[in-house]
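Protein chains: 2
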Amino acid sequence: MKKDAPAQTLIDRTAETIRARITAGDLVPGTRLSEAALSEQLGISRNTLREVFRLLTQEGLVRHEPHRGVSVALPDVAAIIDIYRVRRLIECDALRGASAFHPSVARMVQAVDAARRWQADGDWRSVGTENMAFHTAIVELADSDRLMRLYRQISAELRLAFGHLNNHALLHAPYIEKNAAILALLQAGRNDEAAEAMSGYLSLSERTVLAALARQQQGR
Amino acid sequence: MKKDAPAQTLIDRTAETIRARITAGDLVPGTRLSEAALSEQLGISRNTLREVFRLLTQEGLVRHEPHRGVSVALPDVAAIIDIYRVRRLIECDALRGASAFHPSVARMVQAVDAARRWQADGDWRSVGTENMAFHTAIVELADSDRLMRLYRQISAELRLAFGHLNNHALLHAPYIEKNAAILALLQAGRNDEAAEAMSGYLSLSERTVLAALARQQQGR
DNA sequence: GCATATTTGTCCGTATGTATA
DNA sequence: CTATACATACGGACAAATATG
């Protein structure tokens, strides 16, 4: 009996396709997604696509306006501020209450190591991926389904926000060693200091993203 | 220009209808929701109902299993524990960072007063409603869209859990004065003490709900 | 401000695949 | 193992709302 026969439904697979297109920058924030055009392009029926839209809407990736269709979400400054407020709450709390022997710690170690290797190769996109994995692992420390779900949603929103900020070196380089420092504090059982370091980390990251967003919007 | 012409779509209204039926106990947790039967009963098409199901699934009110349809969610002990963990995090944080002059404080005052009046009348169901309003107002203190959304979801799940625990006196009576005490601390600017009191409040409430749930499941 | 065209909202009928009796 | 019930997915149709000239 194979428990892992995903048997994904078409709706799930299509949702994944669109997610990928959005985060890959294929679909720019603000783009209107026409039901008729997209359904034909994807080779699925309009009804099915509409259910995909429901999924993505709840995930915050697309916005739905009655009788006006859906469009790729466009996080504004207020959203960024709110997202970082929530991240600070969740990630710092997870660090404060974590055990150094939690399985996720291994994933944090792995992410830090991998990020350093990619940095040596100059592959900043992969550095970014490992950075996200590091923070996901931190949230997993909390062992809370609901917090994890919320975190996945705001991560998706955040990817939208700096999906097109292509200055990846600026965006990710400074954080590799900060992550390593937080990990070391956690492994040493100095949880409160780890949480404190994370708070500072997030403030810096927030300022960077907000500044980049302002430059981007000014450039229109 | 009336900004508040909701012009709700049929999907939204239907979702609200089903939510009401669930929280009213009309639909018991575990009930299977057949597309054909429900769509006919509601007078809407199956396609439309399926979109409603997507909404409710993301809200955690119903569970969806591929090719087996949806059924009313049935929170288990792990869910209750997780929900209270999240509540503690959100509500205590909101209290710690709140201003005594935030508009939501007025709503808290209102909820406490109303709960006392309903208690005098012996209307425990209304006491429960005011209690939920009190805690919703606390979360609003945080001024965070995302935290508010998460809180709405776990509130709905919680309603599922003790929707049928009809011992409302036991469930709500002890909390009226606890709420009043927390409010007084907040108004006095003693935020940390208010958060501490809330933490204790939630622990007590958690134990009560878990015990009631155990009794209920034993009685099957 | 009006008439028209486009797009979404909703319904129906049907075919196919999957799970359960 | 077959049969049945049900969810999945499709395509077409029309009404209603919005956008366009």
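Protein sequences, first through last, are from chains A and B. Residue numbers are given in this note's numbering: position 45 of the first sequence equals residue 45, and the series is strictly consecutive. Residue numbers are given in this note's numbering: position 83 of the second sequence equals residue 83, and the series is strictly consecutive. C-beta: ideal position from N, C-alpha, C; glycine also. This one's a predicted model, so the numbers in the text were calculated from it and none came from an experiment.
By the criterion of at least three beta-carbon pairs nearer than 8 Å, the stretch 195–211 of chain B is not in contact with the stretch 102–112 of chain B. Among the bridge pairs identified by DSSP, B/HIS64 is matched with B/VAL70.
When C-beta distances to chain B are compared with 7 Å, the residues of the stretch 86–103 of chain A below that value are VAL86, LEU89 and ASP93, in chain order. With contacts defined as CB atoms closer than 9 Å, A/THR48 and A/SER39 qualify as a contacting pair. Apart from the 5 residues on each side of it in sequence, A/ALA195 sits with its Cβ closer than 6 Å to the Cβ of CYS92, LEU95 and ARG96 in its chain, given in chain order. Judged by DSSP secondary structure, A/PHE162 falls outside any alpha helix (DSSP H); it is assigned neither H nor E. By the neighbour-count criterion, in which 16 or more other beta carbons inside 10 Å mark a residue as buried, A/LEU10 falls on the exposed side. When secondary structure is reduced to three states using DSSP, B/ARG32 falls in the strand class. Between the beta-carbon of A/ALA78 and that of A/LEU160 there is about 14 Å, and that puts the pair past the 8 Å contact cut. B/GLU140 sits buried, since 16 or more C-beta atoms from the chains shown fall within 10 Å of its C-beta. For the pair A/GLN110 and A/ALA156, the Cα-to-Cα distance works out to about 22 Å. Pairing B/VAL112 with B/GLU130, the inter-Cα distance amounts to about 7 Å. For B/ALA180, no Cβ of chain A is located within less than 9 Å of the residue's own Cβ. Membership of A/PHE53 in the alpha helix (DSSP H) is indicated by the continuous run 46–58.
At a Cβ-Cβ threshold of 9 Å, B/ASP82 and A/ARG146 count as neighbours. At a cut-off of 9 Å between beta-carbon atoms, B/ASP76 makes no contact with chain A.
B/HIS172: member of the alpha helix (DSSP H) spanning 168–187, first to last residue. Excluding residues up to 5 positions away in sequence, TRP118 lie with their Cβ nearer than 6 Å to the Cβ of B/SER126 in the same chain.
Using a Cβ-Cβ cut-off of 8 Å, B/THR17 is close to nothing in chain A; its nearest Cβ partner there is about 17 Å away. In this structure, B/ALA98 is the residue among B/ALA98, B/LEU61 and B/HIS135 with its C-alpha nearest to the C-alpha of B/GLU193. The beta carbon of A/GLN187 does not come within 9 Å of any beta carbon belonging to chain B, so the residue lies off that interface. Taking 9 Å as the threshold, the shortest C-beta distance from A/THR14 to chain B does not fall below it.
For the stretch 47–70 of chain B, the residues whose beta carbon sits under 7 Å from a beta carbon of chain A are, in order, ASN47, ARG50, GLU51, ARG54, LEU55, GLN58 and PRO66. When DSSP states are grouped into helix, strand and coil, B/SER104 belongs to the helix group. Chain-order list of chain B residues neighbouring A/SER144: ASP82, ARG85 and VAL86, by C-beta distance under 7 Å. Annotation for A/SER99: no alpha helix (DSSP H) segment contains it, and DSSP assigns it neither H nor E.
Among the residues facing chain A, B/THR136 is not included, as its CB has no counterpart in that chain under 9 Å away.
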